[in-house]
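Only one structure is covered here, and it is reproduced in the block below.
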Amino acid sequence: MKTIIGLLLAAVLVAGYVMGTGVYNMAATEKHWPVTEKLIEWMRINSIAARSNELEIPAVDESESLSIGATHYDAMCTGCHLSPGQEPTELAQGLYPQAPVFHQRTSLTDAEKLQEQTKAYFWVIKNGIKMTAMPAWGLTHDDDTIWAMAFFVQKLAGMTASTYDELAHENEDNHHQHEHAAHEHEHGQQNGHEHQPHDHGNDHHEHGGDHHDD
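Here the sequence shown stands for residues -2 to 211, numbered as in our numbering.
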């Protein structure tokens, strides 16, 4: 028993020395040992699963949800996670740990694992991950938007650049179409007012009234 206590005390003293003297290098260029990376990954996976497995995936319009998710992903996530056909950014190259590149992953075929992964994506997008560059988007975005992003990230596996561009810019194209239609409608109304026919009948009636007054 004394030996165990002695070993624990020695471990605490060594840890205190390492943390207090700055011996441990916190630079992102100084990688963890492989065993340390495996341990952190194991802890991260279990932590996320313990909190995300209880979530309920909402029923949504898939087409609309993917469009919303793609638009937000394109604006918020490509700097780190990239998009199909995109070269690694300077930001992505400088991260440690490296951000996952979802379109390079293999699609899941097991329905249960697919649901688990979608829930995990939602939880991570909403809450972020400590000691990484992953922000907690739930502080600024509602759950519907975050679910849309989770569904889109799930679909990214194996996605081509053309499919990505179509989804990511669908809302932008629709917005331009609505703006063009509104402009044409407004222009048509203005032309209608400018070319409105003169009511000669009323003029004739008014002149007739003047004649009778005489």
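Glycine included, each C-beta is placed from N, C-alpha and C at the ideal position.
Note that the structure is a prediction, hence the values are computed from the model and not measured.
Beta-carbon proximity list for residue i, same chain, < 6 angstroms, skipping 5 on both sides
i, result
"Gly155", "Ser104"
"Met(-2)", "none"
"Asp71", "Ala165"
"Leu52", "Lys116"
Cβ-based burial, residue i [other Cβ within 10 Å; buried from 16]
i, result
"Thr142", "buried"
"His192", "Residue confidence is low: His192 scores 49 on pLDDT, short of 50, so the model does not pin down where it sits. Its coordinate-derived value is still stated next. It counts as exposed."
"Leu36", "exposed"
"Ala67", "buried"
"Leu88", "exposed"
"Leu153", "buried"
"Val150", "buried"
"Lys110", "exposed"
"Ser159", "exposed"
"His115", "As written in the sequence, residue 115 is Thr, which differs from the His given in the question. Counting Cβ neighbours within 10 Å, Thr115 comes out buried, since at least 16 surround it."
Beta-carbon proximity list for residue i, same chain, < 8 angstroms, skipping 5 on both sides
i, result
"Val20", "Tyr14"
"His100", "Leu79, Ser80, Pro81, Leu153, Ala154, Gly155, Met156 and Tyr161"
"Ser62", "Trp144, Ala145, Phe148 and Phe149"
Integer-rounded CB distance, given that residue j should sit under 8 angstroms from residue i
i, j, result
"Ile65", "Ala165", "Their Cβ separation, rounded to whole angstroms, is 11 angstroms, which puts Ile65 and Ala165 out of contact at 8 angstroms."
"Glu113", "Asn50", "7 angstroms"
Check: residue i C-beta below 7 angstroms from any heavy atom of the ligand ATP
i, result
"Ala47", "Here there are no bound small molecules, and the ligand ATP is not part of this structure."
**Study point:** Segment contact flag, the segment 122 to 133 with the segment 80 to 100, C-beta cutoff 8 angstroms, min 3 pairs
**Key:** yes
Practice item. Decide if the segment 74 to 83 is in contact with the segment 10 to 18; the criterion is three or more beta carbon pairs, one per stretch, under 8 angstroms apart. Key: no
Check your understanding: Can at least three beta-carbon pairs, one atom from the segment 103 to 123 and one from the segment 21 to 32, be found at a separation below 8 angstroms?
Key -> no
Practice item. Give, in chain order, every unbroken run of the alpha helix (DSSP H) that is at least 4 residues long and sits entirely within the segment 20 to 67. Key: 31 to 49
Check your understanding: Which ranges would you report for the alpha helix (DSSP H) in the segment 107 to 139 if only whole runs of at least 4 residues count?
Key -> 108 to 124
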